[in-house]
Amino acid sequence: MPKDNDGVIIRAKLATDDDACVAVMERTHAVDGYPRYWPAKPAKFLRAQGETDAWVAADDDGPESRVVGQVALHRAEGEPVLALAQEATGLPAARLTVLARLLVHPDARGRGVGRALVRTATERAHASGRRAVLDVLQSTTGPARLYESEGWTRLGPTSLDLSGFGYGDVPPLQLWVYLSPAPG
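Mapping to UniProt numbering: the sequence shown position 71 is 71, numbers consecutive.
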């Protein structure tokens, strides 16, 4: 497993990582408000339907390893980012994948963990012949700076109506849609 970013390794996410990933999400939610609305089933939120690949960042590869981040790729069909991505690329949904659920524990920031997770997911998308696309809250700036520094292109705005997701009467999320650089 590659080790960099102050000893952090990126590895495939295991079912046994779920509790640790929920703990990272709890801390991220407390500090940054992401996710905006806390899900009723946090582990299910992190392993969303349509997930094809997922990774964690761990601060060591030994038995005392601590998960400090995670990211996943999801199928693009039915995702709010799909229309803008298809318009920009002309690609069918099967040639697109959604980078989602990027989380980095606040205590692990500034070590390149988020960048390593984004690169891992983007490389996997490219290796499987797909372009990655993502959405990010318009109200956040840190994640957008990361994506732009990695060559991602902001395609435009979209909104996500959460009325069918069990969050009650909440306003739609206002999102920016980003597209990964072309492979090669």
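Just so you know, even glycine gets a beta-carbon here, dropped at the ideal spot from N, CA and C.
In this text the structure is predicted, and so the values were computed from the model without any measurement.
(message) Which residue wins for smallest C-alpha separation from L103, given the options T28, D18, G168 and P157?
(response) T28
(message) Whole angstroms are fine: how far does the CA of G168 sit from the CA of K3?
(response) At K3, the pLDDT of 48 sits below 50, so the modelled position is not reliable; the number obtained from the coordinates is stated separately. In a straight line, the C-alpha of K3 is about 42 Å away from that of G168.
(message) How far does the beta strand (DSSP E) with residue 230 in it extend, from its first residue to its last?
(response) Nothing about residue 230 can be read from this structure; the chain reaches only from 1 to 184.
(message) Just to confirm, is the Cβ distance from G164 to V113 under 7 Å?
(response) no
(request) Please state whether DSSP places R27 in a helix, a strand or coil. (result) helix
(message) So, does the region 146 to 159 touch the region 106 to 122, judging by three or more C-beta pairs under 8 Å?
(response) yes
(message) In this structure, how does DSSP classify T140 when only helix, strand and coil are distinguished?
(response) coil
(request) Starting from the C-beta of A43, find all residues in its chain whose C-beta is less than 8 Å away, skip the five residues before and the five after it, and write them out in chain order. (result) D18, D19, C21 and V22
(message) In chain order, what are the residue ranges of uninterrupted alpha helix (DSSP H) at least 4 long that sit wholly in the region 19 to 101?
(response) 42 to 46 and 82 to 89
(request) Decide if the region 86 to 103 is in contact with the region 30 to 49; the criterion is three or more beta carbon pairs, one per stretch, under 8 Å apart. (result) yes
(message) Quick check on the burial criterion: 16 or more other C-beta atoms within 10 angstroms. Buried or exposed for W55?
(response) So W55 counts as buried.
(message) If I follow the unbroken beta strand (DSSP E) through G166, where does it start and stop?
(response) No beta strand (DSSP E) contains G166, which DSSP labels as neither H nor E.
(request) Let me know the secondary structure DSSP gives A15 once reduced to three states. (result) helix
(request) Taking all protein chains shown into account, decide if P143 is buried (16 or more other Cβ within 10 angstroms of its Cβ) or exposed. (result) buried
(request) Check whether the Cβ atoms of T97 and A76 lie closer than 7 Å to each other. (result) yes
(request) Determine the extent of the beta strand (DSSP E) in which P157 is found, giving its start and end residues. (result) T153 to L160
(request) Decide if K38 is buried, meaning its Cβ has at least 16 other Cβ atoms within 10 Å, or exposed. (result) For clarity, residue 38 is Trp in the given sequence; the question names Lys instead. Per the 10 Å Cβ criterion, exposed.
(request) Compute the distance between the beta-carbons of V177 and T158, then report whether it is under 7 Å. (result) Between V177 and T158, the C-beta gap is smaller than 7 Å, which places the two residues in contact.
(message) Just to confirm, is the Cβ distance from L155 to A93 under 7 Å?
(response) no
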